[in-house]
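Residue numbers (the working numbering), protein chains in the order written: chain A, -10 to 184; chain B, -10 to 184.
C-beta: ideal position from N, C-alpha, C; glycine also.
The structure displayed is predicted, hence computed values, not measured ones.
The next block holds one structure in the form of structure tokens; read it before the comments.
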């Protein structure tokens, strides 16, 4: 048991580093950049509170688990902002390969059974094909939108995002997993992109 | 639906403030104080990884939910470090009353059904009588111990904590919900309290 606990805590101590990975998005009050640890917490809370926006097939407990681990790869790769490099960096081949390598290293710290379970859950999230992963991705897209709304524009200003770019990079993915939610959010967002 | 979403997001935006509540404990690398938002994420990850330490009656999904919301009251009350004021402040009558008032205000932002559910879950955590709450409390006690171990003593040095005080304020609660875990942790901790 001791060896197993050593591996479990080696992982949990390594995970602590996610609190030092900074995102482009700020806190709602604009006071500082958000880190990926607190972002993951906020997203899990989003899932808990917005469960009624999910497709009935969604298992919200699995969604919460996905969201708790979805950004751990950023310990090695850093956060790649969705609007950076003209929207081309976030899902580039290079970023995806680096994240896959990071997932193997970081989940590999765990005892084998846990490593397999959590690595598979992360892979499912990334593939974004199951109802659980699709809903989790929607929440991951909507939370920075709310932070930008609260902080007066946030990363939309930083990266000079247009309404079309927001629809393509963000709106489409929110609508895929939570269509009613995007209908509501897009009305809030519209004034920021008015000419 | 629109009114419901307004309330859900009013709560989620208010929750963002937990990222600005600082704890006495630092990150594992000692670089800065941990905030209560990222602490809540780390604890939920603890639950996910240390589920095999829980009593078989424990529902780990409920534990994760408890840990996601357990510190929200600190938005109003702040973090009251367990070793501060000679260990007397943390569960003082004044602190508990202020936290109860904060819970009513903060969960009360939500639509009624969600407000009732999450307020009840927080009350269950605080009462620490059910298997789920007892295990959640154990994790809430063990995570700062690991941070102190990693950072070379942390709050044990700040507050000049003795071995007996650690046993009374921390060890007893870890052992209540996760006895094997405390058996393992206490061996790691011992050198810090050796004469």
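Check whether chain A comes within 8 Å of residue i, counting only Cβ atoms and requiring the distance to be less than that.
i                      : result
residue 68 of chain B  : no
residue 137 of chain B : no
residue 52 of chain B  : no
residue 113 of chain B : no
residue 63 of chain B  : no
residue 143 of chain B : no
residue 166 of chain B : no
residue -3 of chain B  : yes
residue 17 of chain B  : yes
residue 73 of chain B  : no
residue 173 of chain B : yes
residue 34 of chain B  : yes
residue 27 of chain B  : yes
residue 140 of chain B : no
residue 0 of chain B   : yes
residue 155 of chain B : no
residue 85 of chain B  : no
residue 117 of chain B : no
Flag residue i as yes if its beta-carbon sits less than 8 Å from any beta-carbon of chain B, otherwise no.
i                      : result
residue 148 of chain A : no
residue 96 of chain A  : no
residue 31 of chain A  : yes
residue 4 of chain A   : yes
residue 126 of chain A : no
residue 159 of chain A : no
residue 162 of chain A : no
residue 38 of chain A  : yes
residue 93 of chain A  : no
residue 11 of chain A  : no
residue 103 of chain A : yes
Take the Cβ of residue i as the centre, count every other Cβ of all protein chains shown within 10 Å, and call the residue buried at 16 or more, exposed below.
i                      : result
residue 146 of chain A : exposed
residue 17 of chain A  : buried
residue 102 of chain B : exposed
residue 83 of chain B  : exposed
residue 63 of chain B  : buried
residue 166 of chain A : buried
residue 26 of chain B  : buried
residue 116 of chain A : exposed
residue 143 of chain A : buried
residue 60 of chain A  : buried
residue 29 of chain B  : buried
residue 23 of chain B  : buried
residue 112 of chain B : exposed
residue 176 of chain B : exposed
residue 44 of chain A  : exposed
In chain order, what residues of the same chain lie with their CB nearer than 6 Å to the CB of residue i, ignoring the 5 residues before and after it?
i                      : result
residue -1 of chain A  : 98
residue 33 of chain A  : 53, 56 and 57
residue 152 of chain B : 182
Helix, strand or coil for residue i, going by three-state DSSP, please let me know.
i                      : result
residue 119 of chain A : coil
residue 11 of chain A  : strand
residue 104 of chain B : helix
residue 43 of chain A  : coil
residue 183 of chain A : coil
residue 167 of chain A : coil
residue 50 of chain B  : helix
Spatial neighbours of residue i within its chain, please: C-beta separation below 7 Å, excluding the five flanking residues on both sides.
i                      : result
residue 42 of chain B  : 167, 169 and 170
residue 134 of chain A : 159, 174 and 178
residue 48 of chain B  : 121
Quick check: does the Cβ of residue i come within less than 7 Å of any heavy atom belonging to the ligand HEM?
i                     : result
residue 24 of chain A : What this structure holds is no ligand at all, so the ligand HEM is not there to describe.
Please work out which residues of its chain come closer than 8 Å, Cβ to Cβ, to residue i, disregarding the five sequence neighbours upstream and downstream, and give them in chain order.
i                      : result
residue 67 of chain B  : 10
residue 157 of chain B : 76
Determine whether the Cβ of residue i lies closer than 8 Å to any Cβ atom of chain E.
i                     : result
residue 81 of chain B : Annotation note: the requested chain E is absent from the structure, which comprises protein chains A and B.
Give, in chain order, every unbroken run of the alpha helix (DSSP H) that is at least 4 residues long and sits entirely within the region 121 to 153 of chain B. 143 to 147
Residue ranges of each alpha helix (DSSP H) run of no fewer than 4 residues wholly in the region 56 to 80 of chain B, ordered along the chain? 63 to 66
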